[in-house]
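In terms of the working numbering, the numbers along the sequence shown are unbroken and rise by one, the last being 1251. Cβ coordinates follow ideal geometry from the N, Cα and C atoms, glycine included. Quantities reported herein were computed from a predicted structural model and do not represent experimental measurements.
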Amino acid sequence: MPFDDIVGNARVKNILRKSLLRGRLPGSLLFYGPKGVGKSEMALIFAKALNCLQKEDDSCERCSLCVAINKNIFPDVIRINAEKDIIKIDQIRLIRKAAYLKPMTGKKRVFIIEEAEKMNDEASNSLLKVLEEPPMFSHIILTTDNFFSILPTIRSRCQTLKFAPVSRSDIRNALIEKGIEEGRAKTISLLVRGSLKQALDFDWDEAEDMRKNAFNMFSSFVKGGKTANIFKKYSRMQKKSFEENFNPALEMISSFCRDVIVMKLGGSDRFLINLDYKNKLSKLEKIMGLKETIDFLEVIEESLHLFKRNAHRKAIMNYMTINLMERENV
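Following this line, the structure appears as structure tokens:
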């Protein structure tokens, strides 16, 4: 996969390609942004481009080095992943030792640390020693969904590149190219919030079942049901664990809430995310006032923001219970 095969984030691609052409290559890079927007894929392409025998600013995907990297048998590109949700000091010690050794077969040594926020304190502090005195022939790339979970001392020693969510039109077009029907592709692109990976992995049948449950949950909130009782009822409806489905359920509730706002403002149907739910939503739209709907959406969006900051689900449910109390019939 060369740079052009990555969907979205043209700015990041341009920066990396220019650095390759000019030979101004940072010793360490920090790729940060939402899940599923191509950070890991971009890191691997950059590693191939640094070693490619045919191109200066991209991977050719044909030379022996590009092929070896794709097969994960290239000794000079090492990928570090969390073991039991933690990146330990022993894994970083491997980088510290190998980074100062000249490449075995390639032009450059590249170390890719996936989900760098999972480094424990010992690992983070150990990595600093390499970043402070990086060798000319080695490069370290960190990827993370949470920029502020990385130590400031590490961030300051890396060239940071922010990855944006992939646009809805790009996701829709990518799905259509995969053979997904256009209407379904549009709905998926609206639900996944810029995550191409989530869109490509989307299980429509499972999502439809979840969407029905999420709508029932939203309807219960609108009609003044007690939040704690709604959570209990919804948890019994799930095929998978309530914990696992809670975040995507909130995403779907947010989409229903946004549709109600569009309807209250007299917006066109083309702005509706859940067009197939229009008749059901029109009944709820008559119950909710505009300010009330916006306030409700703010609670849902803040809950989703708490998820991104890795808050515990019970804490998020408590936050929702407290902030939605005004709608309860007590």
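Helix, strand or coil for residue i, going by three-state DSSP, please let me know.
| i | result |
| --- | --- |
| Thr1064 | strand |
| Ile1001 | strand |
| Leu937 | helix |
| Val958 | coil |
| Lys969 | helix |
| Ser1070 | helix |
| Ile994 | coil |
| Ile1033 | strand |
| Met963 | helix |
| Thr1081 | strand |
| Tyr953 | strand |
| Ser1088 | coil |
| Asn1250 | Low confidence applies here, because Asn1250 scores a pLDDT of 46, under 50, leaving its location unreliable and the question unanswered by this model. |
| Ile1007 | strand |
| Ser1176 | helix |
| Ser1059 | strand |
| Met1025 | coil |
| Met1040 | strand |
| Val928 | coil |
| Asn1231 | coil |
| Ser985 | helix |
Taking all protein chains shown into account, do 16 or more other C-beta atoms lie within 10 angstroms of the C-beta of residue i, making it buried, or fewer, making it exposed?
| i | result |
| --- | --- |
| Leu900 | What is shown of the chain runs 922 to 1251, which leaves residue 900 out entirely. |
| His1233 | exposed |
| Glu949 | According to the sequence as given, residue 949 is Ser; it is not Glu. Looking at its Cβ environment, which holds 16 or more other Cβ atoms inside 10 Å, Ser949 is buried. |
| Cys1077 | The displayed chain sequence assigns Ser, not Cys, to residue 1077. Burial call: exposed. |
| Ala970 | buried |
| Lys1005 | exposed |
| Thr1108 | buried |
| Val933 | buried |
| Arg1179 | buried |
Under 8 Å between the Cβ atoms of residue i and residue j?
| i | j | result |
| --- | --- | --- |
| Val1181 | Glu1222 | no |
| Lys1023 | Asn972 | no |
| Ile1194 | Leu1112 | yes |
| Val1031 | Ala968 | yes |
| Pro955 | Asp1066 | yes |
| Glu1035 | Ser961 | yes |
| Tyr1240 | Leu1225 | no |
| Leu1049 | Ile1033 | no |
Answer yes if the region 1086-1094 comes into contact with the region 1106-1120, meaning at least three C-beta pairs across the two stretches below 8 Å, and no otherwise.
yes
Kindly provide the ranges of any alpha helix (DSSP H) runs that are 4 or more residues long and lie completely inside the region 1184-1213, ordered along the chain.
The qualifying runs are 1199-1206.
Counting Cβ pairs closer than 8 Å, one from the region 1040-1053 and one from the region 999-1015, do we hit at least three?
yes
With three or more C-beta pairs closer than 8 Å as the rule, is the region 1056-1066 touching the region 922-933?
Taking a contact to require three or more Cβ pairs closer than 8 Å, the region 922-933 and the region 1056-1066 do not qualify as touching.
Three Cβ pairs or more, each shorter than 8 Å: is that satisfied between the region 1164-1179 and the region 1127-1140?
yes
Whole alpha helix (DSSP H) elements within the region 1090-1152, 4-residue minimum:
1103-1112, 1117-1121 and 1125-1143
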